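Asker: Residues in the sequence shown are numbered from 1 upward in steps of one, following the UniProt record's numbering. Structure below; questions to follow.
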Amino acid sequence: MSLADLLVLSPEFRTRSFDMVPLETAVTKIKRAFPDVETKIPNDTETIVQRVAASARTANWQEISTGDVAIALLASLLEELPIPNDLQTFLTAEAIATTNPRLLDAIARAYLETWSSGSAKTSHLHSLLIARADKLPNRWQNLFLSCPEFLDIEAGPQLIGNRMATVVNPYHWLIKEGLPAPHGSGFMESAHTAFLTQNPNPKTIPALDKLLSWAAPADAAKLDDKRSAEVIDCILSPWTTASCPPDYRETCIDRLITLFGDPRRDNPAFWNLVAAPHRRVLNKWLARKSMEAMFQVVTEAEQDTQNNNHWPGRRLFWMSIYEDGRIDEAWFALGDDIIPIANKLHQRTGDKSYLSFGRQIPRKGTCLLFIRIGEKIFVEGSHNFRIHTFPNPIRPTPQLYASSYNINEILLPKPHADARVHTGDWKGWVRDRIKQT
1 MSLADLLVLS
11 PEFRTRSFDM
21 VPLETAVTKI
31 KRAFPDVETK
41 IPNDTETIVQ
51 RVAASARTAN
61 WQEISTGDVA
71 IALLASLLEE
81 LPIPNDLQTF
91 LTAEAIATTN
101 PRLLDAIARA
111 YLETWSSGSA
121 KTSHLHSLLI
131 ARADKLPNRW
141 QNLFLSCPEF
151 LDIEAGPQLI
161 GNRMATVVNP
171 YHWLIKEGLP
181 APHGSGFMES
191 AHTAFLTQNP
201 NPKTIPALDK
211 LLSWAAPADA
221 AKLDDKRSAE
231 VIDCILSPWT
241 TASCPPDYRE
251 TCIDRLITLF
261 GDPRRDNPAF
271 WNLVAAPHRR
281 VLNKWLARKS
291 MEAMFQVVTE
301 AEQDTQNNNH
311 WPGRRLFWMS
321 IYEDGRIDEA
331 WFALGDDIIP
341 IANKLHQRTG
351 DKSYLSFGRQ
361 IPRKGTCLLF
371 IRIGEKIFVE
381 GSHNFRIHTF
391 PNPIRPTPQL
401 YASSYNINEI
411 LLPKPHADAR
421 VHTGDWKGWV
431 RDRIKQT
């Protein structure tokens, strides 16, 4: 028995046998009922470490609990704070000698959090757990019995990753088995990588849901940004060279935008972690959504005007260009008088595309559609707006995904070689310029 086993216990408790099984059983039931409520290292860890260090120097433990020592031990093992040499010596001895559940819990957590293949530290913590296997808290005993792969210091992460790939919801499965932190570092980082390698071409909605339930559990915090981005890479990778079925594409767009935001305007630091080829896939999908939304908004806005017969043909033309694979990105901007129409369409359909646009000023009734094809930007618009192409020497090229646009900074003078009214063979004019990209 170590010193920590005796802390803050009255003399009679130091010798009397006490049955901990009912208490640990109750604790296990609580943790299963509330799986995401975990004991966290307190914010005042540094203060606790200093207090434990002072007690270790003076051998006065009256104000120190076993929990304090466990916190200091975990901080030491995680190497998140500088630990005085004398305290480190004390904690190392405690870790080797202890049978206290609180300290063994800290050792088990540190084993997983700091796991590294071939690491001497991993081997040392592993040996401590094996030597005290019958003294571990029930949670850890149950976990290691049901998932012995966690104690395989070489192939464990690969084996757990393989098992994660066989269940519907990997996060909930790990919580049910008793793992405190499925999104933890060390062991679970490697298991995460192994899990993704088991899903190299997720092309079905169940496979999509499995990956997203891991990255963003419904009842827990998301994975860190780096690993979440890796999940998105896995989801989008099949579609860099293949055409995606419409139903899957729509589901994928909806899930990703709901969980992580629109990559064209939200969370740029996060989306930059997603590989560029995969961002291009998603941006191309979103281009279709933006074009369809823009055409529907304009159709509704002009349904009672003399221009209402113009848009079906324009819609068919531009969507045919998209279906030919030529359009890389698209974005639209609405005048203030048109924005309420987009809001109503969103309320009616639930389609988030009706909320992803810029504001066009100062013409309150005019809508603009920005289309990138290779190095060229084409600008289509309502209310007799001529088709414009950029770059050109007169105006700066409009930037996609801006929050607002001044139409007067876009309009080219009349006549101009890079602008064309919708008369005659305007479609041929557009196609000729597409060929030049």
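Backbone N, C-alpha and C define an ideal beta-carbon position, used for all residues, glycine too. Since the model is a prediction, treat every value here as computed from it, not as a measurement.
Rounded to whole angstroms, what is the Cα-Cα separation between T366 and L273?
Answerer: Locating residue 366 in the sequence shown gives position 366, where the first residue counts as 1. Locating residue 273 in the sequence shown gives position 273, where the first residue counts as 1. About 36 Å.
Asker: Would you kindly work out how many angstroms separate the C-alpha atoms of W318 and V379, rounded to a whole number?
Answerer: Residue 318 sits at position 318 when you count from the first residue of the sequence shown. Residue 379 sits at position 379 when you count from the first residue of the sequence shown. Cα-Cα distance, rounded: 11 Å.
Asker: Secondary structure at T389, three-state DSSP: helix, strand or coil?
Answerer: The count along the sequence shown starts at 1 and reaches residue 389 at position 389. Note: T389 maps to strand in three-state DSSP.
Asker: Nearest chain B C-beta to P312 closer than 8 Å, yes or no?
Answerer: Any reference to chain B falls outside this structure, which holds one protein chain only.
Asker: Per the contact definition of three or more C-beta pairs closer than 8 Å, is the region 104-115 in contact with the region 75-91?
Answerer: The region 75-91 is in contact with the region 104-115.
Asker: Please determine, among R314, P415, E375 and K352, the residue with the shortest C-alpha to C-alpha distance to W426.
Answerer: Position 426 of the sequence shown holds residue 426. Of R314, P415, E375 and K352, the residue nearest in Cα terms is R314.
Asker: Provide the residue(s) that pair with A419 in DSSP beta bridges, ordered along the chain.
Answerer: Within the sequence shown, numbered from 1, the residue matching residue 419 stands at position 419. A419 is bridged to H388.
Asker: Are three or more beta carbon pairs between the region 206-220 and the region 252-264 nearer than 8 Å?
Answerer: Touching, per the Cβ criterion.
Asker: Assuming S382 contacts V298 under a Cβ cut-off of 8 Å, what Cβ separation, rounded to an integer in Å, is found between them?
Answerer: Start at 1 with the first residue of the sequence shown, and residue 382 comes out as number 382. Start at 1 with the first residue of the sequence shown, and residue 298 comes out as number 298. Right, their Cβ atoms sit about 5 Å apart.
Asker: In the DSSP assignment, what are the bridge partners of V379?
Answerer: If you number the sequence shown from 1, residue 379 lands on position 379. DSSP lists F370 and H388 as partners of V379.
Asker: Please give the ranges of any alpha helix (DSSP H) in the region 70-121, keeping only runs that are unbroken, at least 4 residues long and fully inside the region.
Answerer: List check, alpha helix (DSSP H) in window: 85-97 and 101-113.
Asker: Look at the Cβ atom of K203, then the Cβ atom of P180, and state whether they are nearer than 8 Å.
Answerer: For the purposes of this step, residue 203 is identified with residue 203 of the sequence shown, where counting begins at 1. For the purposes of this step, residue 180 is identified with residue 180 of the sequence shown, where counting begins at 1. Cβ atoms of K203 and P180: not closer than 8 Å.
Asker: Assuming R386 and R363 are in contact, meaning their beta carbons sit under 8 Å apart, how far apart are those beta carbons, in whole angstroms?
Answerer: By 1-based counting over the sequence shown, the position of residue 386 is 386. By 1-based counting over the sequence shown, the position of residue 363 is 363. No, R386 and R363 are not in contact; Cβ-Cβ is about 14 Å, not under 8 Å.
Asker: Count Cβ pairs between the region 79-94 and the region 44-63 that sit closer than 8 Å; are there 3 or more?
Answerer: They touch, by the three-pair rule.
Asker: Here's the rule: buried if 16 or more other CB atoms are within 10 angstroms of the residue's CB, otherwise exposed. What is E230?
Answerer: Position 230 of the sequence shown, counted from the start, is the residue given in the question as residue 230. Result: buried.
Asker: Excluding sequence positions up to five away, which residues of its chain have a Cβ less than 7 Å from the Cβ of R102?
Answerer: As a working note, residue 102 is residue 102 in the sequence shown. Closer than 7 Å at Cβ, skipping near neighbours: T66, G67 and A70.
Asker: Output the distance between the C-alpha atoms of S146 and E113, rounded to the nearest integer angstrom.
Answerer: Along the sequence shown, read from residue 1 onward, the residue named residue 146 stands at position 146. Along the sequence shown, read from residue 1 onward, the residue named residue 113 stands at position 113. Rounded to whole angstroms, S146 to E113 spans 19 Å at the Cα level.
Asker: Straight-line CA distance for D247 to C234?
Answerer: The residue labelled residue 247 in the question sits at position 247 within the sequence shown. The residue labelled residue 234 in the question sits at position 234 within the sequence shown. Going from the Cα of D247 to the Cα of C234 covers about 19 Å.
Asker: Please classify N384 as buried or exposed, where buried requires at least 16 other C-beta atoms within 10 Å of its C-beta.
Answerer: To locate residue 384, count along the sequence shown from 1; it is residue 384. Exposed is the call here.
Asker: To the nearest angstrom, report how far apart R139 and A155 are at their CA atoms.
Answerer: As a first step, residue 139 is located in the sequence shown; it is residue number 139 there, counting from the start. As a first step, residue 155 is located in the sequence shown; it is residue number 155 there, counting from the start. Each residue's Cα considered, the two are about 22 Å apart.
Asker: Which whole-angstrom value is the C-beta distance of W311 and F295, which I expect to be below 8 Å?
Answerer: Counted from its first residue, the sequence shown places residue 311 at position 311. Counted from its first residue, the sequence shown places residue 295 at position 295. W311 to F295, Cβ: 6 Å. Contact.
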